[in-house]
Structure formats: C-alpha cells, structure tokens
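K.L.:
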Amino acid sequence: MFSIDTCPRTFIDTHTIKPFKFMETETVPPYAILSHRWINGEEVVYEELIHDLPTISKKSGYRKIEAACRQAYEDGYDCLWIDTCCIKQEEEAFQGNIPNMYGFYQNSDICYVYLSDVSFKKDFRNSQWFKRGWTLQELVAPRTVVFYDSHWQYIGDKDGLREEIYLKTTIPPDVLSGKQSIQDIAIIDRMTWVLERETTRKQDLAYCLQGLLGVRVELDYKEGDWLTDIRAEMPFTD
C-alpha cells in the first residue's frame with residue numbers, strides 16, 4: 001500500500017474519554033481508530049468534549065464514543081482517534097486534515113467499524129456504511145479492521161469477511177487480506193470502487209480517493225467536476 005507517514009496528534013484518552021494532544025516532537029504510541037457514519041444532530045464535536053458540556057451525554061454520539069473507548073481500553077490501547085471529536089470542526093482545521101486521513105487510518109494499529117444500522121450478522125452487507133465515500137479508505141487503509149453491530153457485538157474482521165466484502169465492494173479479497181498491494185491494482189479499477197458510493201458534497205468523491213490513488217487534490221468546494229479534479233493529478237492520460 002501507499003505509505004503516508006502521518007499520524008494524528010489529537011486523541012481521546014480511553015481511560016477518561018477526554019481529548020489530549022501529543023507535541024510534534026513526541027512519538028505517538030500504537031492507537032486505535034474509529035470508522036462510523038455521522039448521525040445529524042447526534043455527534044459530539046471536539047469543542048463539546050473538551051468543555052465537558054452537560055448536554056453531550058444525551059447524544060447517541062457520546063454513547064458511541066464511550067463504547068469505542070471501552071473497546072479500545074479492553075484491547076490495550078490508551079489512545080483512540082475519532083473524526084468527530086479529534087478535529088476542530090472549523091472549516092480551515094477540518095479541511096487541513098483531509099489530505100492526511102488515509103495516513104491516519106493506514107498507520108493505526110486497529111480500526112473499529114461501528115455499524116449503527118446492523119443488528120444481526122446476516123445484515124452486514126446491507127449497512128449504509130458500505131455506501132459512503134469516506135468509508136472506502138477507512139476499509140482499505142488500516143491493516144486490521146474489525147466490525148461491530150449496533151450493540152457493539154463483534155461481527156468479524158476484514159480478513160475473515162473478505163469474501164462478503166468483495167461481493168459488496170468488488171475490492172479483491174487479497175487486497176482486503178493484505179496479501180496483495182493496492183498498487184498492483186490498476187488505477188482505473190481503484191476508481192471504480194467509489195462509483196456506487198455517496199458523499200454529502202460531490203467534491204468529496206475526489207478527496208476521499210486521494211490516498212487510494214496516491215495523489216493530492218487541492219481542496220476547493222466551489223462548483224466543479226470531481227472527476228476532472230482527480231484526473232488532473234493522475235500519472236496517465238487517455
């Protein structure tokens with residue numbers, strides 16, 4: 001896979017469920033990371049968590065953070081990264097982290113996928129998680145990916161579920177298991193993995209492909225053609 005040598009600096013302490021930061025000179029220890037779907041009005045953002053606002057405990061997003069921290073703590077991790085509450089949601093801060101997202105997931109020790117719309121293992125492939133653009137890199141980049149249902153019951157890991165995931169995503173099982181490098185897959189084939197996925201803003205279809213394709217795309221949420229943006233950075237022409 002592409003090596004993107006970047007790690008987050010802000011994490012949730014799995015013991016206290018509070019945000020904390022590492023200095024740039026400090027070494028980041030092995031960390032867990034969460035992949036999930038955002039629920040409008042229910043997510044807890046950095047500013048709420050850092051100030052410990054009393055209203056956050058009523059949100060389902062806070063219960064999700066608690067459960068993810070509990071799982072990470074049980075697995076021996078002190079640090080957990082969650083996009084909703086480890087990045088300040090101001091536009092400049094959020095956009096500044098987008099090019100690093102693939103690296104954040106790739107360099108994690110383990111990625112927990114929380115499927116809030118799955119109650120039984122047989123419904124695994126029907127989750128809306130497989131239809132979101134950003135979750136593509138969250139599936140491919142980490143070495144270890146484990147799936148949990150809405151009750152935080154273990155479903156399985158990426159390797160063990162690779163055949164089911166292939167049927168849903170067309171991503172080759174050997175890529176999912178780590179036996180085959182993503183660089184062995186033709187660029188045009190990698191691009192097809194996002195065709196059935198959706199993002200809130202259409203430009204994000206380009207931005208969520210950056211790490212998978214090994215390119216950097218300038219962030220611009222003005223009207224534009226996402227395919228043109230990404231192809232402009234590609235090392236091939238028609």
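full-length UniProt numbering numbers the first residue of the sequence shown as 1 and each following residue consecutively. Just so it is clear, CB atoms sit at the ideal spot from N, CA and C, and this is done for glycine as well.
Excluding the five sequence neighbours on either side, which residues of its own chain have a C-beta within less than 8 Å of the C-beta of residue 151, listed in chain order?
P.N.:
Locating residue 151 in the sequence shown gives position 151, counting from the first residue. Once the five neighbours on either side are set aside, the close Cβ partners of residue 151 are 119.
K.L.:
List the endpoints of the continuous alpha helix (DSSP H) containing residue 72.
P.N.:
Counting from 1 along the sequence shown, the entry for residue 72 is found at position 72. Run containing residue 72: 60-74, per the alpha helix (DSSP H) assignment.
K.L.:
Under 9 Å between the Cβ atoms of residue 102 and residue 211?
P.N.:
Along the sequence shown, read from residue 1 onward, the residue named residue 102 stands at position 102. Along the sequence shown, read from residue 1 onward, the residue named residue 211 stands at position 211. Cβ atoms of residue 102 and residue 211: closer than 9 Å.
K.L.:
On the premise that residue 10 lies in contact with residue 86, defined as a C-beta separation below 8 Å, what is that separation, rounded to the nearest angstrom?
P.N.:
Position 86 of the sequence shown, counted from the start, is the residue given in the question as residue 86. Position 10 of the sequence shown, counted from the start, is the residue given in the question as residue 10. Contact holds; Cβ gap of about 5 Å.
K.L.:
Cβ of residue 139 within 9 Å of Cβ of residue 165?
P.N.:
Stepping through the sequence shown from its first residue, residue 139 is reached at position 139. Stepping through the sequence shown from its first residue, residue 165 is reached at position 165. Yes, Cβ-Cβ distance for residue 139 and residue 165 is below 9 Å.
K.L.:
Measuring alpha carbon to alpha carbon, tell me which residue in 60, 24, 35 and 115 is nearest residue 81.
P.N.:
As a first step, residue 81 must be located in the sequence shown, where it is residue number 81. It is 35 whose Cα lies nearest to the Cα of residue 81.
K.L.:
Where do the N-terminal and C-terminal ends of the beta strand (DSSP E) with residue 175 fall, by residue?
P.N.:
As a first step, residue 175 must be located in the sequence shown, where it is residue number 175. Where residue 175 is concerned, there is no enclosing beta strand (DSSP E), although the alpha helix (DSSP H) it sits in stretches over 173-177.
K.L.:
What number of angstroms, rounded off, separates the C-alpha of residue 192 from the C-alpha of residue 79?
P.N.:
Indexing the sequence shown from 1 puts residue 192 at position 192. Indexing the sequence shown from 1 puts residue 79 at position 79. Cα to Cα, the separation comes out at about 34 Å.
K.L.:
Figure out for me which residue from 153, 114, 41 and 67 has the closest Cα to the Cα of residue 129.
P.N.:
By one-based count along the sequence shown, residue 129 stands at place 129. Ranking the options by Cα distance to residue 129, first place goes to 114.
K.L.:
Identify whether residue 30 lies in helix, strand or coil by the three-state DSSP scheme.
P.N.:
Indexing the sequence shown from 1 puts residue 30 at position 30. Three-state DSSP puts residue 30 in coil, outside helix and strand.
K.L.:
Could you check how far apart the C-beta atoms of residue 145 and residue 84 are, in whole angstroms? I think they sit under 8 Å.
P.N.:
Within the sequence shown, numbered from 1, the residue matching residue 145 stands at position 145. Within the sequence shown, numbered from 1, the residue matching residue 84 stands at position 84. With 8 Å as the limit, residue 145 and residue 84 do not qualify as a contact, their Cβ atoms being about 19 Å apart.
K.L.:
Could you pull out every residue in the same chain whose Cβ sits closer than 7 Å to the Cβ of residue 22, ignoring the five residues on either side in sequence?
P.N.:
The sequence position of residue 22 within the sequence shown is 22, counting from 1. Here the set comprises 9 and 28.
K.L.:
Excluding the 5 residues flanking residue 16 on each side, which residues of the same chain have their C-beta closer than 7 Å to its C-beta?
P.N.:
Within the sequence shown, residue 16 is the residue found at index 16, counting from 1. Cβ within range, chain order: n/a, list empty.
K.L.:
What did DSSP end up calling residue 214 once you bin it into helix, strand or coil?
P.N.:
Position 214 of the sequence shown, counting from 1, holds the residue named residue 214. Residue 214 falls in the coil class under three-state DSSP.
K.L.:
Are residue 159 and residue 176 touching if we call contact CB-CB under 9 Å?
P.N.:
Position 159 of the sequence shown, counting from 1, holds the residue named residue 159. Position 176 of the sequence shown, counting from 1, holds the residue named residue 176. Contact: yes.
K.L.:
Give the C-beta separation of residue 32 and residue 116 to the nearest angstrom, bearing in mind that I take them to be a contact with Cβ-Cβ under 8 Å.
P.N.:
For the purposes of this step, residue 32 is taken as residue 32 along the sequence shown, with counting starting at 1. For the purposes of this step, residue 116 is taken as residue 116 along the sequence shown, with counting starting at 1. Their Cβ separation, rounded to whole angstroms, is 18 Å, which puts residue 32 and residue 116 out of contact at 8 Å.
K.L.:
Determine the DSSP secondary structure at residue 111, reduced to helix, strand or coil.
P.N.:
For the purposes of this step, residue 111 is identified with residue 111 of the sequence shown, where counting begins at 1. If DSSP states are grouped into helix, strand and coil, residue 111 belongs with the strands.
K.L.:
Name the two residues that bound the continuous alpha helix (DSSP H) containing residue 207.
P.N.:
Locating residue 207 in the sequence shown gives position 207, counting from the first residue. Taken as a continuous stretch (DSSP letters only), the alpha helix (DSSP H) holding residue 207 covers 204-207.
K.L.:
What are the boundary residues of the beta strand (DSSP E) that includes residue 188?
P.N.:
The sequence position of residue 188 within the sequence shown is 188, counting from 1. Residue 188 -> not in any beta strand (DSSP E); alpha helix (DSSP H) instead, spanning 187-192.
K.L.:
Between which two residues does the alpha helix (DSSP H) carrying residue 156 extend?
P.N.:
To locate residue 156, count along the sequence shown from 1; it is residue 156. Unbroken run through residue 156 is the beta strand (DSSP E), 154-157; no alpha helix (DSSP H).
K.L.:
Kindly identify the DSSP beta-bridge partner or partners of residue 35.
P.N.:
Residue 35 sits at position 35 when you count from the first residue of the sequence shown. Residue 35 pairs with 113.
K.L.:
How should residue 142 be labelled, buried or exposed, when 16 other C-beta atoms within 10 angstroms of its C-beta is the threshold for buried?
P.N.:
Working through the sequence shown from its first residue, we reach residue 142 at position 142. So residue 142 ends up on the buried side.
K.L.:
Could you spell out the range, first to last residue, of the alpha helix (DSSP H) harbouring residue 182?
P.N.:
Residue mapping note: residue 182 aligns to position 182 of the sequence shown, counting from 1. Residue 182 -> no alpha helix (DSSP H), and no H or E assigned at all.
K.L.:
Just verifying my parser: in three-state terms, what is the DSSP assignment at residue 135?
P.N.:
Position 135 of the sequence shown, counting from 1, holds the residue named residue 135. It is helical.
K.L.:
Which residues in the same chain have their Cβ closer than 8 Å to the Cβ of residue 190, if we skip the five residues on either side of it in sequence?
P.N.:
By 1-based counting over the sequence shown, the position of residue 190 is 190. Cβ neighbours of residue 190 beyond the five flanking positions: 182, 209, 212 and 213.
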